[in-house]
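Counted the way the working numbering counts, the sequence shown spans residues -15 to 127.
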Amino acid sequence: MKRLIGGLFAGFALLIVATIYISYRSWDGLVERRDSETAVVLRGAVDGQEVLLSITPWPPPTMREVDFTVSLPGYAGKASPYVDLSMTGMEMGRNRVDLLRGDDGRFRGTGVFVRCPSGRRDWETTVTAPGAGKVVFRFAVAD
-15 MKRLIGGLFA
-5 GFALLIVATI
5 YISYRSWDGL
15 VERRDSETAV
25 VLRGAVDGQE
35 VLLSITPWPP
45 PTMREVDFTV
55 SLPGYAGKAS
65 PYVDLSMTGM
75 EMGRNRVDLL
85 RGDDGRFRGT
95 GVFVRCPSGR
105 RDWETTVTAP
115 GAGKVVFRFA
125 VAD
């Protein structure tokens, strides 16, 4: 009888631990995380023009708006730069982020990384500065 009660207690304890673990692992999908709101600055250059791309939050999630900030020190072009989002070797259609110049001289806009049905997470972000050229940044999205 004691073995039966001990076995039931051990099974119940294991069930509680498993429930807590599964709940903890699932919680990220239920609430919006704020600890990843930091940005990463990616650096590149084209024809001597430095290009700084900041994406917030980092790493960028899929299916949520993401903030893009582009800095082009010394950029003299009249047209605003823009950002194209794509995946290597995949025809995805146009996914362009138009950027507007802010008071601080930086260009800002928002866009969305679409979740790939195949599960791929590798993305390319191409910053185009009209008259100066293009820079491609490659990275993985969060989910």
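C-beta atoms are modelled at their ideal positions from N, C-alpha and C, and glycine is treated no differently.
Per DSSP, the bridge partner or partners of residue i
i: K(-14); result: BP columns for K(-14) are empty, so no partner.
i: T94; result: D51
i: K118; result: T112
i: I134; result: The structure shown does not extend to residue 134, since the chain spans only -15 to 127, so no value can be given for it.
i: T72; result: T72 pairs with nothing; no bridge assigned.
i: Y66; result: D82 and T112
i: D106; result: A124
i: A29; result: E34
Proximity of residue i and residue j at Cβ, strictly below 7 Å
i: T112; j: Y59; result: no
i: D127; j: T46; result: yes
i: F91; j: R99; result: no
i: D164; j: G93; result: Because the chain in this structure spans residues -15 to 127, residue 164 falls outside the shown range and cannot be described.
i: V24; j: W42; result: yes
i: G(-8); j: F121; result: Checking the displayed sequence, the identity of residue -8 turns out to be Leu instead of Gly. Contact: no.
Exposed unless 16 or more other CB atoms sit within 10 angstroms - verdict on residue i
i: A124; result: exposed
i: A(-6); result: exposed
i: T22; result: exposed
i: R0; result: According to the sequence displayed, residue 0 carries Ile and not Arg. Answer is exposed; the Cβ neighbour count stays below 16.
i: T109; result: buried
i: G95; result: buried
i: P57; result: exposed
i: P44; result: buried
i: I(-11); result: exposed
i: A63; result: exposed
i: A116; result: buried
Quiz prompt | contact_flag[the stretch 22 to 30, the stretch 66 to 84] where n(CB pairs < 8 Å) is 3 or more | solution = no
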